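Student: Could you have a look at this structure, given as structure tokens, before my questions?
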DNA sequence: AACTTATTTTAGATAAGACTAAAAATAGAA
DNA sequence: TTCTATTTTTAGTCTTATCTAAAATAAGTT
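Residue numbers (my numbering), protein chains in the order written: chain A, 1 to 217; chain B, 1 to 217.
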């Protein structure tokens, strides 16, 4: 099996590859892993030796089939544990990420099979992210970033990009949760800020917030 | 916090100290940790620097108050997770040890508090071992090793010493579980073997088996 | 094309945790 | 008490994952 660090790097590269499409820069990996570029290079080279990534010096990194399989398996575990923490142990959705970061590395096929069954085969985690099935297939939902929607469009919140406590608590304070209906009342082209309608209330939100909310139109 | 390795050594020293009372030999630790005496010495010295054990060269090791606290916290987590695996995920009692060995190192007070509540504050794990409370207090049960009982005495099985799959499956095959009533029908002084009554059936068991069953008379 | 700047890689160090081989201390036997 | 066997410790090496500082490469500008 793979070490904790290897799994974390693979997961990180997977997420970066999803966002930007194409090879991932060493600096981007280092930044997301809260480490130095030299450390990232080191690990990338070890992963390349194990054929989990393909890598050419100075040209960036992409996951191989094998690398994707490992990353997706870790993501599956992470999201299932998040469901467990929220549904069964009554954690808030902003409290679960750190704990799931640890639980995702527990090694046991059988455990995850049983956990999945215990949770009644959930499709999405508490942040709206799809849970890969045991073969590594991920349902892709056609969702839009709120910041790309235009005036008078509406939809429901199906996911968040950021999972930091601060951001999720910001949403809680405004009664915004997965499933909440959101309508764009106005959009400022200068700074990308918006006025949105949530239930009976209207909010001003910055571009940064809007970029972290996924809407199904 | 402490590393996985440190926690495992502390737990190991705790168990050895319980069994033999008094300072624990380096070799005993190495053997239980499936490592070499030199590695054990190394770790013991690091633990001593952190004042988790008291240690005098060639004289053996004992846990300090701080060391006991860490060990007991890990044991609490291990046993709670075992209950979860058996009660909620329907694992057999012989399948849970390995997984609990991993889960016991997850760092989160809140998680354990909530898990304990979710499981309805269990007092014993699936093998009959008491679960320490959050202050580290362990209920001590007055139990006897079956091999020390004499003819015609009886009692109920409240725990097992061994937790290996082979041993637990041996018991399963004979319908012996925690709570089962057992009576000593005969005892051979030459080799310590016994004839016991379990429900309607009678079994021959070796001394080795008898030494691993805890009975409440 | 040449120069500057930013990114990436290499080289060399460190710490944790393990190992082997050799030295030191203890315990048991004669 | 002295010798031998066993246990324990030390010394030196290895691997993983990290770091800093320096070198190499790529990219952008004039």
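Backbone N, C-alpha and C define an ideal beta-carbon position, used for all residues, glycine too. Predicted, not measured: the structure shown is a model, and the values here were computed from it.
#1: Distance check for residue 41/B and residue 6/B, CA to CA, integer angstroms please.
#2: Residue 190/B: buried (16+ other C-beta within 10 angstroms of its C-beta) or exposed?
#3: Could one say the Cβ of residue 107/B lies closer than 8 Å to chain A's Cβ atoms, at least one of them?
#4: Which residues of chain A have a Cβ atom closer than 7 Å to the Cβ of residue 102/B, listed in chain order?
#5: Buried or exposed: which applies to residue 78/B, given that a residue is buried once 16 or more other Cβ atoms fall within 10 Å of its Cβ?
#6: Going along the region 77-94 of chain A in order, which residues come within less than 9 Å of chain B, judged by CB to CB distance?
#7: Just to confirm the assignment: which complete beta strand (DSSP E) runs, minimum length 3, are found wholly within the region 128-164 of chain B?
#8: State the start and end residues of the unbroken beta strand (DSSP E) segment that holds residue 18/B.
#9: Measure from the alpha carbon of residue 184/A to the alpha carbon of each residue in 26/A, 145/A and 65/A, then state which is nearest.
#10: Skipping 5 residues on each side, what residues in its chain have a beta carbon closer than 7 Å to that of residue 23/B?
#11: Within the same chain, show all residues whose beta-carbon is closer than 6 Å to that of residue 216/A, passing over the 5 residues directly before and after it, in chain order.
#12: If the cut is a Cβ gap below 8 Å, which residues of chain B does residue 111/A touch?
#13: Closer than 6 Å by C-beta to residue 91/B: which residues in its own chain qualify, once you throw out the five before and the five after it? Chain order, please.
#14: Alpha carbon to alpha carbon, how far is residue 114/B from residue 163/B?
#15: Residues in the same chain with beta-carbon distance under 6 Å from residue 54/B, minus the five sequence neighbours each way, listed in chain order, please.
#16: Classify residue 57/B: buried if its beta carbon has 16 or more other beta carbons within 10 angstroms, exposed otherwise.
#17: Under DSSP, the alpha helix (DSSP H) around residue 67/A begins and ends at which residues?
#18: Return the residues of the region 178-212 of chain A that lie within a Cβ-Cβ distance of less than 7 Å from chain B, sorted by chain order.
#19: So is residue 1/A buried or exposed if we call it buried at 16+ other beta carbons inside 10 Å?
#20: What's the call for residue 166/B, buried or exposed, on a 16-neighbour Cβ count within 10 Å?
#21: Taking C-beta pairs closer than 7 Å, name the residues in chain A that residue 118/B reaches, listed in chain order.
#22: Tell me the DSSP secondary structure of residue 167/A in three-state form.
#23: I'd like to confirm the pairing. Which residues does DSSP put opposite residue 194/A in its beta bridges?
Tutor: Per the coordinate set shown:
#1: Straight-line Cα distance between these residues: approximately 13 Å.
#2: By the 10 Å Cβ count, residue 190/B comes out exposed.
#3: Output row for residue 107/B: interface = yes.
#4: The answer, in chain order, is 106 and 107.
#5: With 16 or more other Cβ atoms within 10 Å, it is buried.
#6: Result list: 85, 88, 89, 90 and 91.
#7: Counting only runs of 3 or more, we get 154-160.
#8: In the DSSP annotation of this structure, residue 18/B is not part of any beta strand (DSSP E); the continuous alpha helix (DSSP H) holding it starts and ends at 4-20.
#9: Distances from the alpha-carbon of residue 184/A to those of 26/A, 145/A and 65/A put 145/A closest.
#10: Same-chain partners within the cutoff: 59, 60, 61 and 62.
#11: Hits under 6 Å: 143, 155, 156 and 158.
#12: Within chain B, the residues near residue 111/A are 85, 89 and 99.
#13: Result list for residue 91/B: 85, in chain order.
#14: Rounded to the nearest angstrom, the two C-alpha atoms are 26 Å apart.
#15: Taken in chain order, the residues that qualify are 62 and 64.
#16: Around the beta carbon of residue 57/B, fewer than 16 other beta carbons sit within 10 angstroms, so the residue counts as exposed.
#17: Its alpha helix (DSSP H) spans residues 65-83.
#18: Answer in chain order: no residues at all.
#19: It counts as exposed.
#20: Counting of Cβ neighbours within 10 angstroms places residue 166/B among the exposed residues, the total staying below 16.
#21: Within chain A, the residues near residue 118/B are 88 and 89.
#22: Residue 167/A falls in the helix class under three-state DSSP.
#23: Note: residue 194/A sits in a beta bridge opposite 187/A and 205/A.
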